[in-house]
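Before any comments, here is the structure.
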Amino acid sequence: MISPDTKHLLKSMMILWISLLSTISVSALQIDVNTYGFFGSQPYTEVYMRVNGHSVEWKNNQASVEILMYIMDKDAQIVTYDKFELGLTVQDSISDLLQLKRYSLSPGNYTIRIEAKDLNKRSNTLEMEQRLTVIGFQGEMAISDIVPLAIIRPDSALSPLVKNGFYMEPLAYHYADTARSQVNIYVECYLPTKVAQDIYLQCAIIEGDITTSNHTTLLTRFKKLQGLEVEPLVISLPIHVIRSGAYYLQATIVDKQKNILAEKESHLIISNPIADIAYLENYNETPENAFVSAIQADDMDYVLKAHIPITDQNQAGTLRALIRSNKIKSQRQFIFQLWKSRSPANPEKAYKMYMEVAAAVDKLFYSNVGYGFQTDRGYIFLKYGKPTHVLTVDDELDAPPYEIWYYNHLPITSQTNVRFLFYNPSLAHNDFHLLHSTCIGERSNSAWEVELYKSVPMERQGNTVDATTVGPNWNRNARKYFNEF
Numbered sequence: 000m001i002s003p004d005t006k007h008l009l010k011s012m013m014i015l016w017i018s019l020l021s022t023i024s025v026s027a028l029q030i031d032v033n034t035y036g037f038f039g040s041q042p043y044t045e046v047y048m049r050v051n052g053h054s055v056e057w058k059n060n061q062a063s064v065e066i067l068m069y070i071m072d073k074d075a076q077i078v079t080y081d082k083f084e085l086g087l088t089v090q091d092s093i094s095d096l097l098q099l100k101r102y103s104l105s106p107g108n109y110t111i112r113i114e115a116k117d118l119n120k121r122s123n124t125l126e127m128e129q130r131l132t133v134i135g136f137q138g139e140m141a142i143s144d145i146v147p148l149a150i151i152r153p154d155s156a157l158s159p160l161v162k163n164g165f166y167m168e169p170l171a172y173h174y175a176d177t178a179r180s181q182v183n184i185y186v187e188c189y190l191p192t193k194v195a196q197d198i199y200l201q202c203a204i205i206e207g208d209i210t211t212s213n214h215t216t217l218l219t220r221f222k223k224l225q226g227l228e229v230e231p232l233v234i235s236l237p238i239h240v241i242r243s244g245a246y247y248l249q250a251t252i253v254d255k256q257k258n259i260l261a262e263k264e265s266h267l268i269i270s271n272p273i274a275d276i277a278y279l280e281n282y283n284e285t286p287e288n289a290f291v292s293a294i295q296a297d298d299m300d301y302v303l304k305a306h307i308p309i310t311d312q313n314q315a316g317t318l319r320a321l322i323r324s325n326k327i328k329s330q331r332q333f334i335f336q337l338w339k340s341r342s343p344a345n346p347e348k349a350y351k352m353y354m355e356v357a358a359a360v361d362k363l364f365y366s367n368v369g370y371g372f373q374t375d376r377g378y379i380f381l382k383y384g385k386p387t388h389v390l391t392v393d394d395e396l397d398a399p400p401y402e403i404w405y406y407n408h409l410p411i412t413s414q415t416n417v418r419f420l421f422y423n424p425s426l427a428h429n430d431f432h433l434l435h436s437t438c439i440g441e442r443s444n445s446a447w448e449v450e451l452y453k454s455v456p457m458e459r460q461g462n463t464v465d466a467t468t469v470g471p472n473w474n475r476n477a478r479k480y481f482n483e484f
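Structure representation (structure tokens):
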């Protein structure tokens, strides 16, 4: 059974994953943090960090990020901390900055706090927190946390990423796309006492709510255990026929009678447009999906692009593939499936209501670069709904026209008092771009004020190169409006 802390972690991971794959460009520092617990001869926790190489500043073909990490107990007391730099050159075979740290922590609940700074652009910073639960080892049969792998190969180098003679790089964000036809997972099984009967490691991919009976096991792989005190294993799970979605990975130790002796769960996100479209092409017609048959081929580009803001990220690749295709049946079925999941009672009514809003957004924010819902303002409006309040400013001499959208509450991210700041540096009609927001998953720019008031470079506060703010002036009110309105 998945604990409340694990559910919170899965939700946090999903929000982080969405933020990094958002269709609006995110240029701020991006870091994926995963934790994995192992027992072995001495229990320890691995903290794995991946800094997106596209989110850092490159100078002289090099990138460097300073990391300050604290691990705090439930009373907010620091139990350990670390400070280090991650570096990368373009000659390296990977595009991201990787680090793996191991800590011996007592059983309990912790918070990992990370403060990161791009050393080539010091205004590019990130602060984040993540929960960690360390489970004690009582000398019983047990399984380590499940580690989905992006890369595994034989290696004998002295590196934190090398274990048991293999280089093992965890799969970023637990996200698998069409670049891989299978997912390799690493687990360790612990058998403190000799077992009298044959036992097996069973690994599975599960669809649905694993905490209830409302789930389906999509595939299963077995491996007979040798009965070692510590047995490391790599299991390959084919995913090429699994449709896009959020799934569970489950590892269990079972006996011949399939009795569960130990178990562990994790999550896996799959993006597989090929399997999705094959499913949609073979979907049987039903009376309830008849309304999508009325969507004409000439209108399909408009309809599909209008649904980009509300499409789950694990379906985004499928939607993009459908926009490029001429598979009218799959296109119609995609729209039906989306609304069937969002409004099971009356998908047709929900679809028509949404398209009325999309048409209004298209008209309101239309520009010469595409439909109105393809602009940043149109995208945000359809994704999060109508803002609670909008402040439009077009009379500041030091800044181009800008707007601040205020949301009292965003159910998608469970946030309150969320702000979005759009600006129009080109002065062209409706050419507003998202400059900064406080919304999880959308563009965050610590130097937004410098960009907005770039016409007064000598007014920047602090180091003019890495400054994030400009000096106060009666003609510069964006910071006050953004923070205090």
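Per numbering that gives the first Met the number 0, the very first residue in the sequence shown carries number 0; after that it's consecutive.
Virtual Cβ for every residue (Gly too), placed ideally from N, Cα, C.
Contained beta strand (DSSP E) runs [length at least 3] in the stretch 77 to 151, N- to C-terminal order = Along the stretch 77 to 151, the beta strand (DSSP E) occurs as fully enclosed runs of 3 or more residues at 77 to 88, 96 to 102, 107 to 117 and 124 to 133, listed in sequence order.
Using a threshold of 7 Å, is the CB atom of Val392 nearer than that to any non-hydrogen atom of the ligand GTP?
-> Ligands displayed in this structure: none; no statement on the ligand GTP is therefore possible.
For Lys453, the three-state DSSP class (helix, strand or coil) | Counting from one through the sequence shown, the residue named residue 453 turns up at place 454. Lys453 sits in coil when the DSSP states are folded into three classes, being neither helix nor strand.
Beta-carbon proximity list for Ser103, same chain, < 6 Å, skipping 5 on both sides | By one-based count along the sequence shown, residue 103 stands at place 104. Excluding residues within five positions, the ones whose Cβ falls inside 6 Å are Tyr43.
Exposed or buried, Phe484, counting other C-beta atoms within 10 Å across all chains shown (16 or more means buried)?
-> Translated into positions along the sequence shown, residue 484 becomes position 485. Phe484 comes out exposed.
If you drop the 5 nearest sequence neighbours on each side, which residues of the same chain put their C-beta closer than 6 Å to that of Ile205?
-> Here residue 205 corresponds to residue number 206 of the sequence shown, with the count starting at 1. Taken in chain order, the residues that qualify are His214, Thr216, Tyr247 and Gln249.
Complete beta strand (DSSP E) runs within the stretch 338 to 416 (minimum length 3 residues, chain order) | Complete beta strand (DSSP E) runs here, min 3: 388 to 392 and 401 to 409.
Assign Trp473 to buried or exposed, taking buried as 16 or more other Cβ atoms, counted over all protein chains shown, within 10 Å of its Cβ.
-> Position 474 of the sequence shown, counted from the start, is the residue given in the question as residue 473. Around the beta carbon of Trp473, fewer than 16 other beta carbons lie within 10 angstroms, which makes this residue exposed.
Buried/exposed call for Lys351, threshold 16 Cβ in 10 Å | For the purposes of this step, residue 351 is taken as the residue at position 352 of the sequence shown. Looking at its Cβ environment, which holds fewer than 16 other Cβ atoms inside 10 Å, Lys351 is exposed.
Per DSSP, what kind of secondary structure is Phe335 in: helix, strand or coil?
-> The count along the sequence shown starts at 1 and reaches residue 335 at position 336. Helix at Phe335.
So is Pro346 buried or exposed if we call it buried at 16+ other beta carbons inside 10 Å?
-> If you number the sequence shown from 1, residue 346 lands on position 347. Classification for Pro346: buried.
Specify the secondary structure class of Asp465 as computed by DSSP and reduced to three states.
-> For the purposes of this step, residue 465 is taken as the residue at position 466 of the sequence shown. If DSSP states are grouped into helix, strand and coil, Asp465 belongs with coil.
Provide the residue span of the alpha helix (DSSP H) that contains Val302, from first to last.
-> As a first step, residue 302 is located in the sequence shown; it is residue number 303 there, counting from the start. Per DSSP, Val302 is one residue of the alpha helix (DSSP H) stretching across Met299 to Ala305.
Spell out the partners DSSP gives Lys222 in its beta bridges.
-> Numbered from its first residue, the sequence shown carries residue 222 at position 223. Note: Lys222 sits in a beta bridge opposite Leu200.
Take Val233 as the anchor and find which of Ile309, Tyr166 and Gly207 has the nearest alpha-carbon.
-> Position 234 of the sequence shown, counting from 1, holds the residue named residue 233. Comparing C-alpha distances from Val233 to each of Ile309, Tyr166 and Gly207 shows the shortest one belongs to Tyr166.
If you draw a straight line from the C-alpha of Arg478 to the C-alpha of Leu434, how long is it?
-> Position 479 of the sequence shown, counted from the start, is the residue given in the question as residue 478. Position 435 of the sequence shown, counted from the start, is the residue given in the question as residue 434. Cα-Cα distance, rounded: 13 Å.
DSSP on Pro231, reduced to helix/strand/coil?
-> Here residue 231 is taken as the residue at index 232 of the sequence shown, counted from 1. Three-state result, Pro231: strand.
Between Tyr278 and Val449, what straight-line distance do the alpha-carbon atoms span, to the nearest angstrom?
-> Mapped onto the sequence shown, residue 278 falls at position 279. Mapped onto the sequence shown, residue 449 falls at position 450. C-alpha of Tyr278 to C-alpha of Val449: approximately 49 Å in a straight line.
From Leu157, Pro231, Ala274 and Glu264, residue whose alpha carbon lies closest to that of Ser243 = Here residue 243 refers to the residue found at position 244 of the sequence shown. It is Ala274.
Touching by the beta-carbon criterion (3+ pairs, under 8 Å), the stretch 125 to 140 and the stretch 171 to 182 = Flag = no, the stretch 125 to 140 and the stretch 171 to 182 do not touch.
What's the gap between the Cα of Gly138 and the Cα of Gln312?
-> The residue given as residue 138 occupies position 139 in the sequence shown. The residue given as residue 312 occupies position 313 in the sequence shown. When the Cα atoms are used, Gly138 and Gln312 turn out to be separated by approximately 41 Å.
Can you name, in chain order, every residue of its own chain whose Cβ lies under 6 Å from the Cβ of Phe83, other than the five neighbours on each side?
-> If you number the sequence shown from 1, residue 83 lands on position 84. For Phe83, where only same-chain residues beyond five positions count, the Cβ hits under 6 Å are Ile66.
For the alpha helix (DSSP H) holding Asn313, just list the boundary residues, first then last.
-> One-based indexing of the sequence shown puts residue 313 at position 314. That run of the alpha helix (DSSP H) goes Gln312 to Arg323.
For Arg418, which beta-bridge partners are listed by DSSP?
-> Residue mapping note: residue 418 aligns to position 419 of the sequence shown, counting from 1. Beta-bridge partners assigned by DSSP to Arg418: Tyr405.
Beta-carbon spacing of Tyr47, Ser143 below 8 Å | Numbered from its first residue, the sequence shown carries residue 47 at position 48. Numbered from its first residue, the sequence shown carries residue 143 at position 144. Judged by beta-carbon spacing, Ser143 lies beyond the 8 Å limit of Tyr47, meaning their Cβ atoms are not closer than that value.
Could you round the C-beta distance between Pro399 and Tyr370 to whole angstroms and report it? I think they count as a contact, below 8 Å.
-> Your numbering for residue 399 matches position 400 in the sequence shown. Your numbering for residue 370 matches position 371 in the sequence shown. With a beta-carbon spacing of about 23 Å, Pro399 and Tyr370 fall beyond the 8 Å limit used to define contacts.
Figure out for me which residue from Met68, Leu97, Asp81 and Met140 has the closest Cα to the Cα of Ile111.
-> Along the sequence shown, one-based indexing puts residue 111 at 112. Nearest C-alpha to Ile111: Met68.
Lys326 to Ile184, Cα distance in whole Å?
-> Against the sequence shown, residue 326 aligns to sequence position 327. Against the sequence shown, residue 184 aligns to sequence position 185. Each residue's CA atom was taken as its position, placing Lys326 and Ile184 some 35 Å apart.
From Ala289 to Cys202, what distance separates their C-alpha atoms?
-> Working through the sequence shown from its first residue, we reach residue 289 at position 290. Working through the sequence shown from its first residue, we reach residue 202 at position 203. Looking at the two C-alpha atoms, the distance is approximately 40 Å.
Spatial neighbours of Pro159 within its chain, please: CB distance less than 6 Å, with the 5 preceding and 5 following residues excluded, ordered by chain position.
-> By 1-based counting over the sequence shown, the position of residue 159 is 160. For Pro159, where only same-chain residues beyond five positions count, the Cβ hits under 6 Å are Leu99.
Would the beta-carbon of Ser436 fall within 8 Å of that of Thr467?
-> For the purposes of this step, residue 436 is taken as the residue at position 437 of the sequence shown. For the purposes of this step, residue 467 is taken as the residue at position 468 of the sequence shown. Taking a C-beta distance under 8 Å as the contact criterion, Ser436 and Thr467 do not qualify as a contact pair.
Quickly, what does DSSP pair Thr44 with across the bridge? List them, please.
-> Your numbering for residue 44 matches position 45 in the sequence shown. Thr44 pairs with Gly36 and Tyr102.
Do you know how far the Cα of Ala357 is from the Cα of Pro286?
-> Against the sequence shown, residue 286 aligns to sequence position 287. Against the sequence shown, residue 357 aligns to sequence position 358. Computed Cα separation, rounded: 25 Å.
Just mark Ile259 as buried or exposed, buried being the case when its beta carbon has 16 or more other beta carbons within 10 Å.
-> Translated into the one-based positions of the sequence shown, residue 259 becomes position 260. Flag for Ile259 reads exposed.
If you count every other CB in all the chains shown that lies within 10 Å of the CB of Glu355, and 16 or more means buried, which is it?
-> Translated into positions along the sequence shown, residue 355 becomes position 356. Burial call: exposed.
From the DSSP output, in three-state form, read off Ile241 for me.
-> On the sequence shown, residue 241 is found 242 positions in, with the first residue counted as 1. If DSSP states are grouped into helix, strand and coil, Ile241 belongs with coil.
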